[in-house]
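Following: one structure in structure tokens, then a few remarks.
Number of protein chains: 4
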Amino acid sequence: MDATIIGVIGSGLATGKVYAEAVDVGRLVAQGGAMVLTGGLGGVMEAACKGAKEAGGTTIGVLPGFDVQDANRFVDIPIVTGLNHARNIIIARTSHVLIAVGGEYGTLSEIAFALKLGKTVISLGSWDLGDRIKKAGSPEEAVTMAFKSLD
Amino acid sequence: MDATIIGVIGSGLATGKVYAEAVDVGRLVAQGGAMVLTGGLGGVMEAACKGAKEAGGTTIGVLPGFDVQDANRFVDIPIVTGLNHARNIIIARTSHVLIAVGGEYGTLSEIAFALKLGKTVISLGSWDLGDRIKKAGSPEEAVTMAFKSLD
Amino acid sequence: MDATIIGVIGSGLATGKVYAEAVDVGRLVAQGGAMVLTGGLGGVMEAACKGAKEAGGTTIGVLPGFDVQDANRFVDIPIVTGLNHARNIIIARTSHVLIAVGGEYGTLSEIAFALKLGKTVISLGSWDLGDRIKKAGSPEEAVTMAFKSLD
Amino acid sequence: MDATIIGVIGSGLATGKVYAEAVDVGRLVAQGGAMVLTGGLGGVMEAACKGAKEAGGTTIGVLPGFDVQDANRFVDIPIVTGLNHARNIIIARTSHVLIAVGGEYGTLSEIAFALKLGKTVISLGSWDLGDRIKKAGSPEEAVTMAFKSLD
């Protein structure tokens, strides 16, 4: 119960640079000793889990659908909610701090919930909501900011 | 099942001008023949229901808590979810179109869900998300835009 | 907010005698002045809504899926949850008292939730859980018991 | 994603023999190489997690409330849902097979959901639903039946 859980959120369709950045975020979170929590699907979710596993970390996937087979292959702990988008609030609640890598409307709903709950959200090329969100320029900076927010 | 349902979303703490605008929105929605759906609590939610009842309309309140007594006194149909913020997705799904009057992070989560679902969101002094949201300058304009989006 | 809401629960596949009994239950609930709340789909849910509409009542359907088109044609107020079976707790919470007409495992989950919440559940040929549930021998008896429990 | 997850469900107030049996169930599940999933609170939930940790296993707690501090101290992976009783469906969906140790209405809702989803439920002094549930006479038998059902 003492483990730190860092949420990594973003588009399920991300590729290229965004995917690579999310891999880096996942790896750095795991190297820092925290678990990575995502929505369990593809794109940024898969990338963050992949990075975490490369560093020997533990990954949690809070799935929207009915089937554990929806989880990407880097998820250690698949939570099958069947709640569709409503699972986004679980991601916000369970994460101690969140890093948003890119992202569309689903990510925006998670950011909104996290801010509503008073949690820190760090944006790596994600939604710009003024000074409500901390902006990071690189995966390294994002993860450093995330851990620092928990001190 | 043929009735139009228009969601009116915004802060539960709104007073003054924002409250008055939400009353106008609720009244105009009811006068246009649609039901008003809100989160059932105070502030903008109460105001929109109050306006709708003044015009003889029907109001639905999708409550976050465990007790029907949480509903403001202008709610005709109280839906008691016990799901806390997760009830926001029900508001987005059940509304055919949404009008956001002011609003904070909870409202932002509803806007995000509605846009994710491909629904029209009209802002009356609410979040500015560029051209993803239609901006209205008055309750009259907001309600006109809402009905027009459903044609 | 003062209207009484009576939940009618049961299988979505019911036909014949069970369907006919649910029509009677819905009609009697509406004649008694209460709204009928169901899960909005077919079988017992459709039958109860049909009966209520024959008596000029109001019907609420708390749908599990993503589409208002899932609602049977006798639903006045369709609530679109997208929560699949998790919507069953909303049915238990929103109903002031519940009448179970036949039913399978989904109905059992609703009965369990309702009993957990301390609500009265009346069985018309539904699950036998000893004296935790009141047993009725006819639609008339079931609806009479339901209204009496609310006195 | 390949790990087996076995749900252990039952009353949050269990003590004495029921608590001791749940400790045994948790330990045997962990010794068998599966993760233990519970609702994360006290009673049977705590006992099963305690047993699993004694055997070096991993425990998941799907919490109903808003605060990770609600989790018993034997939970490794706390999932904070904020969904109250609606989190019961997540327990049913995420578990590959469920063992019910005693239990009241909340447990009954989880059993109903699990059966609805076609999953095996093993009762150790829990609800009697005829031959729909497999009955075990001891923790050893219950866990053996659970693993066998997954072959």
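In order, the protein sequence lines correspond to chains A, B, C and D. Following the working numbering, the numbering of the first sequence begins with 2 at its first residue and continues without gaps. Following the working numbering, the numbering of the second sequence begins with 2 at its first residue and continues without gaps. Following the working numbering, the numbering of the third sequence begins with 2 at its first residue and continues without gaps. Following the working numbering, the numbering of the fourth sequence begins with 2 at its first residue and continues without gaps. Glycine is no exception: its CB is placed at the ideal position from the N, C-alpha and C atoms. Note that this is a predicted model, so its numbers are computed, not measured.
So with Cβ pairs under 8 Å, would you call residue i a contact of chain C?
| i | result |
| --- | --- |
| T121 (chain B) | no |
| K117 (chain D) | yes |
| I134 (chain B) | no |
| L14 (chain A) | no |
Starting from residue i, find everything on chain A with Cβ-Cβ shorter than 9 Å and list it in chain order.
| i | result |
| --- | --- |
| A87 (chain C) | T82, G83, L84, A87 |
Indicate whether at least one CB of chain D lies closer than 8 Å to the CB of residue i.
| i | result |
| --- | --- |
| F110 (chain C) | In the sequence on display, residue 110 (chain C) carries Ser and not Phe. It does: the Cβ of S110 (chain C) has a partner Cβ on chain D nearer than 8 Å. |
Within 8 Å (strictly less), CB to CB, does residue i reach chain A?
| i | result |
| --- | --- |
| L99 (chain B) | no |
| I10 (chain D) | no |
| I90 (chain B) | yes |
If the cut is a Cβ gap below 8 Å, which residues of chain C does residue i touch?
| i | result |
| --- | --- |
| F1 (chain B) | Residue 1 (chain B) lies beyond the residue range present for chain B, which begins at 2 and ends at 152; the question has no answer from this structure. |
Alpha carbon to alpha carbon, how far is residue j from residue i? Give it in angstroms, no decimals.
| i | j | result |
| --- | --- | --- |
| G62 (chain C) | I80 (chain C) | 6 Å |
| H86 (chain B) | G107 (chain B) | 7 Å |
| I112 (chain B) | L64 (chain D) | 27 Å |
| M2 (chain D) | L29 (chain C) | Annotation note: pLDDT 46 at M2 (chain D) (below 50); position unreliable, coordinate value reported separately. Cα to Cα, M2 (chain D) sits roughly 51 Å from L29 (chain C). |
| A4 (chain D) | G17 (chain C) | 46 Å |
| T60 (chain C) | D68 (chain B) | 21 Å |
| A143 (chain A) | K136 (chain A) | 8 Å |
| P156 (chain D) | G66 (chain D) | Any question about residue 156 (chain D) goes unanswered here, given that chain D covers just 2 to 152. |
| A72 (chain A) | G13 (chain D) | 30 Å |
| A53 (chain C) | I134 (chain C) | 24 Å |
| S124 (chain C) | V102 (chain C) | 6 Å |
| F114 (chain C) | A115 (chain B) | 29 Å |
| L130 (chain B) | G138 (chain B) | 16 Å |
| I92 (chain D) | G33 (chain B) | 44 Å |
| W128 (chain B) | A31 (chain A) | 35 Å |
| D77 (chain C) | V98 (chain B) | 18 Å |
| A15 (chain C) | D132 (chain A) | 56 Å |
| T82 (chain C) | T82 (chain B) | 10 Å |
Of all the options the options, which has the alpha carbon lying nearest to the alpha carbon of residue i?
| i | options | result |
| --- | --- | --- |
| L151 (chain A) | A:E47, A:K117, A:S96 | A:S96 |
| F75 (chain D) | D:C50, D:I112, D:V144 | D:C50 |
| Q70 (chain D) | A:T59, A:R94, A:L64 | A:R94 |
| K1 (chain D) | D:E141, D:K149, D:G138 | Absent from the structure is residue 1 (chain D), since the part of chain D shown begins at 2 and ends at 152. |
| E55 (chain A) | A:V24, A:G83, A:G13 | A:V24 |
| R88 (chain B) | B:T16, B:L130, B:L42 | B:L42 |
| I100 (chain B) | B:G58, B:L38, B:G83, B:G66 | B:L38 |
| G40 (chain A) | A:S110, A:A31, A:G34, A:G33 | A:S110 |
| A48 (chain D) | D:E22, D:G66, D:G57 | D:E22 |
| G27 (chain A) | A:G57, A:V122, A:A15 | A:G57 |
| G105 (chain B) | A:V19, A:L118, A:G44 | Correcting the residue identity first, residue 105 (chain B) is Glu in this sequence and not Gly. Of the candidates A:V19, A:L118, A:G44, the one whose C-alpha sits nearest the C-alpha of E105 (chain B) is A:L118. |
| M146 (chain D) | D:G44, D:S12, D:I10, D:V122 | D:V122 |
| M46 (chain C) | C:V9, C:G34, C:L130, C:G33 | C:V9 |
| A35 (chain D) | D:I6, D:A15, D:G11 | D:I6 |
| Y20 (chain B) | B:I90, B:G33, B:I91, B:G126 | B:G126 |
| I90 (chain C) | B:L84, B:I92, B:I91, B:I90 | B:L84 |
| N11 (chain B) | B:T82, B:G131, B:Q32, B:G44 | Checking the sequence shown, residue 11 (chain B) turns out to be Gly, not Asn. The shortest Cα separation from G11 (chain B) among B:T82, B:G131, B:Q32, B:G44 belongs to B:G44. |
At 7 Å on the CB atoms, spell out the chain B contacts of residue i, in chain order.
| i | result |
| --- | --- |
| A113 (chain A) | Y106, L109, S110, A113 |
Classify residue i as helix, strand or coil using the three-state DSSP reduction.
| i | result |
| --- | --- |
| I134 (chain C) | coil |
| L116 (chain A) | helix |
| A147 (chain A) | helix |
| I7 (chain C) | strand |
| T95 (chain D) | helix |
| G62 (chain D) | strand |
| A21 (chain C) | helix |
| L14 (chain C) | coil |
| T39 (chain B) | strand |
| L84 (chain C) | coil |
| E141 (chain B) | helix |
| S127 (chain D) | coil |
| M2 (chain C) | With a pLDDT of 46 at M2 (chain C), under the threshold of 50, the modelled position of that residue is not reliable, and the figure given next carries that caveat. Note: M2 (chain C) maps to coil in three-state DSSP. |
| V45 (chain A) | helix |
| A31 (chain D) | helix |
| V69 (chain B) | helix |
| A101 (chain A) | strand |
| V26 (chain C) | helix |
Report the neighbours of residue i on chain D: residues whose CB is nearer than 9 Å to its CB, in chain order.
| i | result |
| --- | --- |
| I7 (chain C) | Under the 9 Å cutoff, chain D gives no residues; its nearest Cβ is about 20 Å from I7 (chain C). |
Hey, is residue i close to the ligand ZN, as in C-beta under 7 Å from one of its heavy atoms?
| i | result |
| --- | --- |
| G52 (chain A) | Looking for the ligand ZN in the displayed structure turns up nothing, as the structure carries no ligands at all. |
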